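What follows is a short report on a single structure.
Numbering (mature numbering (1 follows the signal peptide of the UniProt record, and there is no 0)), first residue to last: -17 to -1, 1 to 310.
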């Protein structure tokens, strides 16, 4: 549990001394023209066929305007690929393949070592199997919660210049502007950014933990699920015809994040349904008001408003009155 708490604590970007403005400025219009809440929902089934050429949306780093997510003029044009972040590329590079391969190899070796340790520590193979299975299911649930807290933090705080997590933050926030772009990425292109916090750092974390069996297995699987969350996320933006029958069955039975569940997140002001592994934790996490409580604490301490507040003045006012639970 200590290791899991360490990982979750690492997920929240530093918000104190940085001027946290969004990189995603599509025009010089005032924020008020974009900030009205609306309920434009995204449906993967309604997206046009995959594009064939590329359009880069101009990003103005110096502007103080805030544009996050959909606006009334943004549409997916047939035959065009929309890249929100300048310098982004949908092609898979060799270094991305190497990074993902290294990450998965390390995770495989550590998890195998952990499972071996569990079976050597108990005389009963049945008990060892039960303990391993319980650890996997528990970690899967915690990873979903961790993905939600991580998703909330990078959606609402920081920008491309934030240390360590800047690229990840820019990618998550840019996703709201052109959510279909994720479906055009190959596997390694899609998940490689998450290999930095959840792959490169894993050997060091496992060294300090030692081979404790259950603890090491939890840590390793947690990191693997977090990396895979981006691919699980991608599947929700694809049509059922674009994913195989196994994925469709898993989504239909809510064993992994479903299209229906994630579609709720892509509604202004993007203030809920953040969990993107299984989505099991979305309901209680949103109803609890915990994230609104966190936003108020951050604002009181650092004076930084969440991006959801900037999109919905009513949400900001309710949260500042201490009304954390949804209406």
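For each residue, glycine too, the CB sits at the ideal point set by N, CA and C.
Every value quoted in this text rests on a predicted model; they were computed, and no experiment measured them.
Compute the distance between the beta-carbons of residue i and residue j, then report whether it is under 8 Å.
| i | j | result |
| --- | --- | --- |
| residue 312 | residue 182 | The first residue shown for the chain is -17 and the last is 310, placing residue 312 beyond what the model contains. |
| residue 203 | residue 93 | yes |
| residue 287 | residue 175 | no |
| residue 213 | residue 173 | yes |
| residue 275 | residue 250 | no |
| residue 257 | residue 131 | yes |
| residue 115 | residue 98 | yes |
| residue 217 | residue 160 | no |
| residue 206 | residue 185 | yes |
Applying the criterion that 16 or more other CB atoms from any shown protein chain within 10 Å of the CB defines a buried residue, is residue i buried or exposed?
| i | result |
| --- | --- |
| residue 294 | buried |
| residue 17 | The predicted model places residue 17 with a pLDDT of 31, which falls under 50 and marks its position as unreliable, so this point remains unresolved. |
| residue 219 | buried |
| residue 305 | exposed |
| residue 106 | exposed |
| residue 309 | exposed |
| residue 297 | exposed |
| residue 300 | exposed |
| residue 168 | buried |
| residue 38 | With a pLDDT of 42 at residue 38, under the threshold of 50, the predicted position of this residue should be treated as unreliable, though the coordinate-derived value follows. The residue in question, residue 38, is exposed, as its Cβ has fewer than 16 Cβ neighbours within 10 Å. |
| residue 326 | Coverage of the chain is limited to positions -17 through 310, which leaves residue 326 absent and any answer about it impossible. |
| residue 245 | buried |
| residue 146 | exposed |
| residue 133 | buried |
| residue 135 | buried |
Would residue i count as contacting chain E if we go by Cβ distances under 8 Å?
| i | result |
| --- | --- |
| residue 252 | Considering every chain present, this structure includes no chain E. It has just one protein chain. |
Is residue i a contact residue of the ligand ZN, with contact defined as CB to any heavy atom under 7 Å?
| i | result |
| --- | --- |
| residue 302 | Only the bare structure without any ligand can be found here, which leaves the ligand ZN out of the picture. |
Item to check | Cβ contact check for the stretch 116 to 128 and the stretch 255 to 271: 3 or more pairs under 8 Å | outcome: yes
Checklist entry - What alpha helix (DSSP H) runs, 4 residues minimum, are completely inside the stretch 70 to 111? => result 77 to 104
Item to check | Segments assigned alpha helix (DSSP H), at least 4 residues, entirely inside the stretch 193 to 233 | outcome: 197 to 219
Checklist entry - Should the stretch 219 to 238 be called in touch with the stretch 139 to 149, which here means at least 3 C-beta pairs below 8 Å? => result no
Checklist entry - If you scan the stretch 120 to 163 from start to end, which runs of the alpha helix (DSSP H) of 4 or more residues do you find wholly inside it? => result 149 to 158
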